[in-house]
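In the order they appear, the protein sequences are chains A and B.
Numbered by the numbering used here, the letters in the first sequence go through residues 1 to 113 in order.
Numbered by the numbering used here, the letters in the second sequence go through residues 114 to 224 in order.
Down below is the structure, laid out as structure tokens.
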Amino acid sequence: DAGITQSPRHKVTETGTPVTLRCHQTENHRYMYWYRQDPGHGLRLIHYSYGVKDTDKGEVSDGYSVSRSKTEDFLLTLESATSSQTSVYFCAISGLADYNEQFFGPGTRLTVL
Amino acid sequence: DQQVKQNSPSLSVQEGRISILNCDYTNSMFDYFLWYKKYPAEGPTFLISISSIKDKNEDGRFTVFLNKSAKHLSLHIVPSQPGDSAVYFCAASGNNRKLIWGLGTSLAVNP
Chain A
1 DAGITQSPRH
11 KVTETGTPVT
21 LRCHQTENHR
31 YMYWYRQDPG
41 HGLRLIHYSY
51 GVKDTDKGEV
61 SDGYSVSRSK
71 TEDFLLTLES
81 ATSSQTSVYF
91 CAISGLADYN
101 EQFFGPGTRL
111 TVL
Chain B
114 DQQVKQNSPS
124 LSVQEGRISI
134 LNCDYTNSMF
144 DYFLWYKKYP
154 AEGPTFLISI
164 SSIKDKNEDG
174 RFTVFLNKSA
184 KHLSLHIVPS
194 QPGDSAVYFC
204 AASGNNRKLI
214 WGLGTSLAVN
224 P
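Shown next as structure tokens:
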């Protein structure tokens, strides 16, 4: 299994508070992704990174920001959490050799009250 | 607008029989297709993939077929086992490393 961890695994927070989710990899892969999974929507890309300090928006980026200061860490921040951001968040990584194949972390279940 | 469609939300098969999961896509620029399996409370796990230059790829009990003219692919699992019970996602990619996902099909393999 690819070495990907996510923290925290579960979080309950209140509307309006900032939240940061962390993805950590030990594979030295260049590409990292944040997705959210919701019933009826499948997996949707929030942001992705193609290298240290290089990030770009996905299809549902509003209300989220990311940072990647080291190869191994990709942080997702909800600047001011809303109930619509209650979801399961997955981090994924991919390397140069396995061009399209992404490997996923275990997920973070976030509840915004 | 869903570019990758899995029209069957669920499928139930008997152990030992074939499971066939279907996926349709609308974007002719997609050139790489993947299947992932997901168990509850875990992240998706890569299963098998196929490039648009092929029409079949096989890995053990799993075979993916691609029909480009119909913009259709299917995953065959033979023989099906109870441990195959999971949600299966189809995903597609163009040349930008972004995957577009279907909504998934929940497979139940009954002993």
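Glycine included, every Cβ here is placed at the ideal spot set by N, Cα and C.
A quick note: this is a predicted structure, and the numbers were derived from the prediction, not measured.
Which residues bound the beta strand (DSSP E) around lysine 169(B)?
169-172
Can you tell me where the beta strand (DSSP E) holding leucine 212(B) begins and where it ends?
212-214
Strictly by DSSP, which residues pair up with arginine 36(A)?
DSSP links arginine 36(A) through a beta bridge to Arg44(A), Tyr89(A).
For glycine 196(B), three-class secondary structure by DSSP
helix
Between proline 192(B) and glutamine 119(B), what straight-line distance do the alpha-carbon atoms span, to the nearest angstrom?
22 Å
Under the three-state DSSP convention, the category serine 167(A) falls into
As displayed, chain A neither begins before 1 nor continues past 113, which places residue 167(A) out of reach and without an answer.
Neighbourhood of lysine 11(A) by C-beta distance below 6 Å, restricted to the same chain and skipping five residues each side
Leu110
What residues from chain A crowd round lysine 211(B), counting only those whose CB sits closer than 8 Å?
Residues of chain A passing the Cβ test: Leu45, Tyr48, Gly58.
Output needed for leucine 43(A): all residues of its chain with C-beta closer than 8 Å, excluding positions within five of it in sequence on either side, in chain order.
Tyr35, Arg36, Gln37, Phe90
Taking Cβ positions, are proline 195(B) and valine 222(B) nearer each other than 7 Å?
yes
Relative to the C-alpha of serine 69(A), which candidate in Ser49(A), Ile93(A), Gly40(A) has its C-alpha closest?
Ser49(A)
Per DSSP, what are the beta-bridge partners of valine 177(B) in this structure?
Asn170(B), Leu188(B)
Using only the alpha-carbon positions, how far apart do aspartate 54(A) and threonine 108(A) sit?
23 Å
Where does the unbroken beta strand (DSSP E) through isoleucine 133(B) begin, and where does it stop?
Segment 132-138, the beta strand (DSSP E) holding isoleucine 133(B).
Contact belief for valine 112(A) with threonine 13(A) at Cβ below 8 Å, rounded distance in angstroms:
6 Å
Kindly indicate which three-state DSSP category serine 83(B) falls into: helix, strand or coil?
This structure does not reach residue 83(B), given that chain B is present from 114 up to 224, and the question cannot be answered.
What's the C-alpha gap between glycine 217(B) and serine 80(A)?
A direct Cα-Cα distance of roughly 30 Å separates glycine 217(B) from serine 80(A).
Using 10 angstroms around the beta-carbon of tyrosine 152(B), count the other beta-carbons present and answer buried if the total reaches 16, otherwise exposed.
exposed
With H, G and I counted as helix, E and B as strand and the rest as coil, what does DSSP make of alanine 205(B)?
strand
If we ignore side chains and look at the alpha-carbon of each, how far apart do tyrosine 138(B) and glycine 95(A) end up?
25 Å
Give the range of the beta strand (DSSP E) segment to which glutamine 152(A) is assigned.
For chain A, the structure presents residues 1 to 113; residue 152(A) sits outside this window and is missing.
Can you give me the Cβ contacts of threonine 71(A) inside the same chain, cut-off strictly under 7 Å, excluding the 5 residues immediately before and after it?
Closer than 7 Å at the Cβ level, and outside the excluded window around threonine 71(A), lie Asn28, Val52.
Note the first and the last residue of the continuous beta strand (DSSP E) segment covering serine 67(A).
64-70
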